[in-house]
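Below: the structure, in structure tokens.
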Amino acid sequence: MPTSPVRTIDPSVDHLIRSITSTADATCTTDLVASPWTFDALPGYGPGSSMGDVIPTGGPRQGELPAEYRTADEHDLDERIRAARRTLGDRVVVLGHFYQREEVVRHADYVGDSFQLAGAALERPDAEAIVFCGVHFMAETADLLSAPDQAVILPNLAAGCSMADMADIDQVEDCWDQLADVLGPLDVIDESGRVPVIPVTYMNSSAAIKGFVGRHGGIVCTSSNAQTVLEWAFERGQRVLFFPDQHLGRNTAKAMGVPLERMPMWNPRRPLGGSTETDLIDSRVILWHGFCSVHRRFTVAQIDQARAEHPGVRVIVHPECPMEVVDAADEAGSTDYIRRAIASATRPTTFAIGTEINLVRRLAAQFPQHEIFCLDPVVCPCSTMYRIHPGYLAWVLEELVAGRTPNRIRVESAVADPARVALERMLAAKPRA
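Read in the working numbering, the sequence shown has 453 at position 307, and its numbers run on one by one without any break.
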């Protein structure tokens with residue numbers, strides 16, 4: 147019996163955007179076709195999912211990329227990156243997040259989510275440099291976990307994270323003080339052996355926030371191990387302060403049986419976060435008013451449309467999506483969970499995926515036996531991940547070949563020491579298989 151021809155799918159979102167920018171509603175902005183250095187000197191996160199968010203004053207900025215990298219075409223940059231990698235050999239390790247563009251990910255030694263890449267940073271202690279193709283908080287985490295003599299490099303300093311920026315250290319310190327006014331001293335252990343509050347920060351947060359958590363007996367979590375971390379925290383605290391992503395905190399705690407009425411929101415711009423003292427006293431999880439701009443784009447209406455157009459579709463979304471979207475989906479899980487779910491499917495399946503378009507597009511190319519598409523029909527990548535371009539990767543690698551170390555990310559020791567404590571607790575909190 148003849149077999150169906152195997153489909154060939156181009157995993158490049160760059161190519162996709164260039165092919166559809168003539169369609170007004172195909173991308174969230176036609177600025178996506180421009181190179182990221184066009185926006186490096188401008189305020190904001192750049193074109194993409196986070197472009198409507200307000201970047202904090204003084205956010206990192208990237209200096210001008212030399213013209214030879216701005217004018218080189220895709221093929222030339224690819225060859226220059228490969229040549230530099232050959233010259234550098236084991237002296238350099240390149241880490242690539244799942245949400246990076248295909249033209250960057252293909253050069254990574256390790257590709258994964260934030261949890262996996264945190265571990266990968268520990269696996270090459272002999273590398274002189276770790277080039278982290280991700281965003282700023284990830285490079286900070288790699289610096290915290292790597293050896294002191296290893297240089298962690300972020301190819302584009304403007305690659306921040308709008309979610310991480312939604313909780314700054316001053317706001318969190320103020321929240322902690324206000325909670326102490328309501329709940330009493332937060333370091334006093336009750337008869338059950340627990341303190342009033344355990345702070346839990348998502349990996350998507352600054353090193354300063356991770357240091358705060360480490361100083362106050364808390365822990366870092368990722369979307370892979372959030373439930374394990376909350377279980378750890380509930381053993382040690384009467385309640386949890388979870389930041390900066392409200393949706394991951396709400397979805398995880400709800401799945402563990404915590405009622406919604408016991409999960410008040412903390413808005414840092416309002417007294418007591420906008421809650422009452424009774425709300426805070428009765429709480430089990432205090433959620434920070436933060437979110438991911440990528441995952442907030444997904445809606446129940448998109449799921450309904452996918453089910454109407456593709457009977458039998460399997461809908462999987464990221465737990466950073468709003469609760470209503472997670473509830474309407476068939477499954478929710480981390481980026482690695484999504485990847486493994488598709489890889490383990492034994493029959494041709496139609497998947498509708500609610501996460502960043504670069505990963506969805508790559509999965510569609512890797513598993514052509516399945517039909518895999520993004521729930522959101524509008525192509526709108528993470529604007530900050532999109533700031534890492536092959537031009538920047540070629541530049542930092544050739545700088546290393548020349549004996550220079552550009553864009554090094556360092557975390558000062560006063561912050562680094564307690565932040566490492568919180569990260570070590572995270573690494574020990576292994577998610578269930």
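Even for Gly, the Cβ is constructed at its ideal location relative to N, Cα and C.
Item to check | Nearest-angstrom beta carbon gap, Glu248 and Ser165 [assumed within contact, 8 Å] | outcome: Rounded, the Cβ-Cβ distance is 14 Å, inconsistent with contact.
Next on the checklist: Please give the ranges of any alpha helix (DSSP H) in the segment 430–457, keeping only runs that are unbroken, at least 4 residues long and fully inside the region.
Outcome noted: 446–455
Checklist entry - When the Cα of Val250 is compared with those of Met469, Arg228, Leu162, which residue comes out closest? => result Looking at Met469, Arg228, Leu162, the one whose alpha-carbon comes closest to that of Val250 is Arg228.
Item to check | Cβ distance (whole Å) where Arg216 is taken to contact Glu544 below 8 Å | outcome: Not a contact, Cβ separation roughly 14 Å.
Checklist entry - Does the Cβ of Glu466 have 16 or more other Cβ atoms within 10 Å, making it buried, or fewer, making it exposed? => result buried
Item to check | Distance CB(Ala478)-CB(Ile488) smaller than 9 Å | outcome: no
Checklist entry - So Val240 packs on Asp255, CB below 8 Å; how close in whole Å? => result 5 Å
Item to check | CB of Leu303 within 9 Å of CB of Val525, strictly | outcome: no
Next on the checklist: For Ala452 and Ala498, what's the separation of their Cα atoms in angstroms?
Outcome noted: Roughly 7 Å between the two C-alpha positions.
Item to check | Secondary structure, beta strand (DSSP E): runs of 3+ residues fully inside the segment 274–329 | outcome: Counting only runs of 3 or more, we get 275–279, 297–299.
Item to check | Selection from Thr424, Thr501, Phe444 that minimises the alpha carbon distance to Leu325 | outcome: Thr424
Checklist entry - In whole angstroms, what separates the C-alpha of Glu337 from that of Val431? => result 20 Å
Item to check | Burial state of Ser559, where buried means 16 or more other Cβ atoms lie within 10 Å | outcome: exposed
Item to check | Minimum C-alpha distance to Pro468 - residue among Arg442, Val459, Arg493 | outcome: Of the listed residues, the one whose Cα sits closest to Pro468 is Arg442.
Item to check | Residue nearest to Arg493 in terms of C-alpha spacing, selected from Ala310, Val366, Val471, His516 | outcome: His516
Next on the checklist: Short of 6 Å in beta carbon distance, which residues of its chain neighbour Phe185, apart from the five on each side in sequence? Order them along the chain.
Outcome noted: Gly192
Checklist entry - Would Ala475 be called buried (16 or more neighbouring beta carbons within 10 Å of its own) or exposed? => result buried
Item to check | Buried versus exposed call for Ala170 [16 or more other C-beta atoms within 10 Å across all chains shown] | outcome: Caution is warranted here: a pLDDT of 49 is assigned to Ala170, below 50, making its placement in the model unreliable, and the coordinate value is therefore given only provisionally. By the 10 Å Cβ count, Ala170 comes out exposed.
Next on the checklist: If you reduce the DSSP assignment to three classes, tell me which class Gln582 lands in.
Outcome noted: What the structure shows of the chain is the stretch from 147 to 579, and residue 582 is not part of that stretch, so it cannot be assessed.
Checklist entry - In whole angstroms, what separates the C-alpha of Ser480 from that of Ala293? => result 28 Å
Checklist entry - When the distance is taken between beta carbons, is Phe244 closer than 9 Å to Asp259? => result yes
Item to check | Expected contact under 8 Å - CB spacing of Cys307 and Asn350 to nearest Å | outcome: 6 Å
Next on the checklist: Tell me the DSSP secondary structure of Gln208 in three-state form.
Outcome noted: coil
Checklist entry - By how many angstroms is the C-alpha of Ala313 removed from the C-alpha of Met402? => result Between Met402 and Ala313, the C-alpha separation is close to 25 Å.
Checklist entry - Whole-angstrom Cβ separation of Ser529 and Ser196, contact assumed at under 8 Å? => result 4 Å
Item to check | Spatial neighbours of Asp311 in its chain, beta-carbon cut-off 6 Å, leaving aside the 5 residues before and after | outcome: Around Asp311: Pro202.
Checklist entry - Mind checking whether Trp434 and Pro417 have CB atoms under 9 Å apart? => result no
Item to check | N- and C-terminal bounds of the beta strand (DSSP E) containing Thr496 | outcome: Here the beta strand (DSSP E) through Thr496 covers 496–500.
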